[in-house]
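Residue numbers (the working numbering): 26 to 146.
The following block contains the structure:
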């Protein structure tokens, strides 16, 4: 990260991290989601997004660990490393949540992928 940060400091850069949040339900080897499970999932995602908005990579990873990665968040690495890079570049950083969506992942609507957008400036 230090090498990448040094390269970023020498020019104007745009850093884009891409990765989904949760992948849950039968399409991903889990149980079908009911309304209560969807609400719980939304709560878990909100905790992740809050840590992202705080620019807190360790808090973000702690939330993944808290649920034992039970929500199959595929964006852990790009999100965590981007926040670490921004920390390296700016000391501390804040983000603004710009979107959140739950996307159906099977025809029965029992599996979902969740996505969210956070803008760091």
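Beta carbons: idealized from backbone N, C-alpha and C, even for Gly.
1. Applying the criterion that 16 or more other CB atoms from any shown protein chain within 10 Å of the CB defines a buried residue, is residue 132 buried or exposed?
2. Quick one, are the C-beta atoms of residue 97 and residue 66 less than 8 Å apart?
3. Less than 8 Å separating the beta-carbons of residue 44 and residue 103?
4. Which residues bound the beta strand (DSSP E) around residue 135?
5. Between the Cα of residue 31 and those of 135, 137, 113, 123, spot the shortest distance and give me the residue it belongs to.
6. Helix, strand or coil: how does DSSP classify residue 149 here?
7. Just mark residue 143 as buried or exposed, buried being the case when its beta carbon has 16 or more other beta carbons within 10 Å.
8. Beta carbon of residue 127, beta carbon of residue 135: below 8 Å?
9. CB-CB under 7 Å to residue 107, same chain, minus the five flanking residues each way: which ones, in chain order?
10. Only counting the same chain, and skipping five residues up and downstream in sequence, which positions put a Cβ closer than 7 Å to that of residue 84?
11. With a Cβ-Cβ cutoff of 8 Å, do residue 17 and residue 120 count as a contact?
12. Is residue 129 helix, strand or coil when you go by DSSP?
Taking the structure as given:
1. Against the chain shown, residue 132 aligns to sequence position 107. With fewer than 16 other Cβ atoms within 10 Å, it is exposed.
2. Stepping through the chain shown from its first residue, residue 97 is reached at position 72. Stepping through the chain shown from its first residue, residue 66 is reached at position 41. No; because the gap between Cβ atoms is not below 8 Å, this pair is not in contact.
3. Here residue 44 refers to the residue found at position 19 when the chain shown is read from its first residue. Here residue 103 refers to the residue found at position 78 when the chain shown is read from its first residue. Yes, the pair counts as a contact, with Cβ atoms nearer than the cut-off.
4. The residue you call residue 135 lines up with position 110 of the chain shown. From DSSP, residue 135 is part of no beta strand (DSSP E); its letter is neither H nor E.
5. Position 6 of the chain shown, counting from 1, holds the residue named residue 31. Closest option to residue 31, Cα to Cα, is 113.
6. For residue 149 there is no data in the structure shown, the boundaries of the chain being 26 and 146.
7. By one-based count along the chain shown, residue 143 stands at place 118. Per the 10 Å Cβ criterion, buried.
8. Your numbering for residue 127 matches position 102 in the chain shown. Your numbering for residue 135 matches position 110 in the chain shown. Not closer than 8 Å, so no.
9. Counted from its first residue, the chain shown places residue 107 at position 82. So the list reads 40, 42, once near-sequence residues are dropped.
10. Here residue 84 refers to the residue found at position 59 when the chain shown is read from its first residue. Taken in chain order, the residues that qualify are 76.
11. Residue 17 falls outside the range modelled here, since the chain spans only 26 to 146, and no answer is possible.
12. Sequence index remark: in the chain shown, residue 129 carries index 104 (1-based). In this structure, residue 129 counts as strand in the three-state DSSP scheme.
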